[in-house]
Every structure is written in C-alpha cells, then in structure tokens.
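Working notes, beginning with the structure itself.
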Amino acid sequence: MPWPSTRWPGGFSFDIGDEDQIALMMKLRDQVMAENVEWWRQNTGNRILVSGHNTHVSYDSFDTRYPKTQGSFLRDALGSRYASIGFSFYKGSFNAFGTDDNVMRSYRVDGAKPGSNEQTLDKARRDDYILDLRKAPEQVRAWLDTERATWNIGAGWPDPVEYTAALGRAHDILVHLHDVQATTYLGAP
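Sequential numbering of the sequence shown, starting at 42, is according to our numbering.
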C-alpha cells in the first residue's frame, strides 16, 4: 500500500484568502493525517498514540476552518478503537507565534473566562486530573454536552476568534491541568 500522504498537495494549491478554500484545505489536511495513521496501523499492526492539537484530534470541530477533523476521520475508520483525548488548562504560559508579527515567544494567561469550560473544570478541582467523559454521571454529561466558551490556543496568539465547544461531543477523555508552563523553545532566536 503506498504511503497516503502523497495525496496532500500542500497549502499552496489553495487560495488562503478565501474562507471556503481554507476549509477545503483543512478538511483534506485532516483527512490525509488520518489516512497516514490508518496506513501505519494497517502496515505495522501496532497501537498508535497520535499527539495533536485539540482541534485536530476531536470529533466535533469547534472551528469553522475545520469542517471535519482528523479525529472524526479516525472514528469513521476505526470506530470505538479510536479514543480522543483532549487537554484543557486554567492558567499558565505557552509558546506561540505572534499573530501580528509571526515571532515565536512565550505568552501567559492568568485565568480562564468565567463560565468557560476551563474555569468550570478548574472550580471542580484545582489540581490536575483526568476525566473519562464516557463514564461521566448524567448530571455531568448534560454539562459536557453543552456548548460554552473555550480556549483554542494553537500556533498563533492572541487569537481574535471566540470559540465555543461541547467537550462531551469533542473527546472521550479530558486531561485538565490547573497551571501550565511554556516549554523552552529551541528554534532560531
């Protein structure tokens, strides 16, 4: 079986000034990422841990630029053999490219917005924990299936978009961290 990534034409074949083209590009990108995982699984027989941004590994896209996610494609291919593990945090620092100058630097956020997913998760327990969303009690399930404000911190910051997500529709397991610290960036100064 040929390596499936040969189907990925790269972002340069899309008009990134057109929102519809961006959505098509991201859908194809996530589809090819999922095909690569499935190819590896079929050719090695191994279990695989895929590490990616919540937007990619989730089932339910909460970003209009991602009409179908890698996690959704993997669920289609693997069924319940795929489990999406999402991450959240209340406060801390992280590295990102400046959205105004594209320079990598550390940023800090002092706390999640009131009523957001992250703030409520942190109120439940001000410590790091793992929550298996598949085994959540009915009361908790109702909360998890409700869309509310959420952080979607990716490669660029600050992100002017206000995101919402229903965590129970996005992931099977959630790792919540109270306070995170940026890694040491090893790229060019």
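Where a beta carbon is used, it is the ideal one built from N, C-alpha and C, also for glycine.
Lys132 sits close to Val221, with the two beta carbons spaced by under 9 angstroms. Excluding the 5 residues flanking it on each side, Ser134 has same chain C-beta neighbours closer than 6 angstroms at Ser147, Arg149, Gln222, Ala223, in chain order. Judged by DSSP in its simplified three-state form, Ala196 adopts coil rather than helix or strand. For His219, the secondary structure class from DSSP, reduced to helix, strand or coil, is strand. For the pair of segments examined, the stretch 191-203 was found not to touch the stretch 112-123: the number of CB pairs separated by less than 8 angstroms stays below three. When the Cα atoms are used, Gln72 and Gln62 turn out to be separated by approximately 15 angstroms. In this chain, Lys132 is not harboured by any alpha helix (DSSP H); it is covered by the beta strand (DSSP E) spanning 126-139. Annotation: Ile171 is outside any alpha helix (DSSP H); the continuous beta strand (DSSP E) that includes it extends over 170-173.
Three or more pairs of CB atoms, one per stretch, sit closer than 8 angstroms, so the stretch 201-209 contacts the stretch 97-115.
Your pair His97 and Gln111 checks out as a contact, with CB atoms roughly 5 angstroms apart and the cut at 8 angstroms.
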